[in-house]
């Protein structure tokens with residue numbers, strides 16, 4: 005399962021920084037991600053494919069790939085940056101279901117079910 009731990013990180017000196025910055029360490033983050041190296045980024049995204057039925061599923065696929073690689077994400081409080089909330093638009097497509105063997109998903113307030121053809125739960 006995906007998890008999140010709250011930690012405290014030193015704040016970068018700036019006018020906006022009045023106290024320590026709180027960070028959450030977990031398996032997923034928002035749409036913005038920073039990797040330690042280009043090689044690490046390339047390794048993670050090498051197995052990702054664009055889902056023609058819903059291109060925003062790419063971010064959910066990225067979260068699952070980061071999790072399977074054993075990498076952790078750190079999200080820290082900073083002044084807000086506007087970005088697209090991909091989870092509000094993610095769906096359970098045939099490609100995503102087959103790749104991750106997921107038949108039921110909940111993305112924020114949306115619930116999806118898509119049965120795999122020929123899937124038998126007792127064979128899992």
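Residue numbers (the working numbering): 5 to 128. C-beta atoms are modelled at their ideal positions from N, C-alpha and C, and glycine is treated no differently. Keep in mind it's a predicted model, so treat the numbers as computed, not measured.
Check	Outcome
Quick one: any contact between the region 54-65 and the region 96-104, if contact means 3 or more CB pairs under 8 Å?	yes
Taking all protein chains shown into account, decide if residue 54 is buried (16 or more other Cβ within 10 angstroms of its Cβ) or exposed.	exposed
If I measure Cβ to Cβ from residue 112 and keep anything under 7 Å in the same chain, skipping five residues before and after, which residues do I get?	91, 92
Following the continuous alpha helix (DSSP H) through residue 72, name the residue where it begins and the one where it ends.	61-72
Is it true that the CB of residue 119 sits closer than 8 Å to the CB of residue 80?	no
Quick check on residue 70: buried or exposed, where buried means 16 or more other Cβ atoms within 10 Å of its Cβ?	buried
Indicate the three-state DSSP secondary structure (helix, strand or coil) for residue 116 in the structure shown.	strand
Residues in the same chain with beta-carbon distance under 6 Å from residue 94, minus the five sequence neighbours each way, listed in chain order, please.	60, 61, 64, 111
What does DSSP give as the partner residue(s) for residue 110 in the beta ladder?	115
Where do the N-terminal and C-terminal ends of the alpha helix (DSSP H) with residue 79 fall, by residue?	It is not in any alpha helix (DSSP H) - residue 79 instead sits in the beta strand (DSSP E) that spans 77-80.
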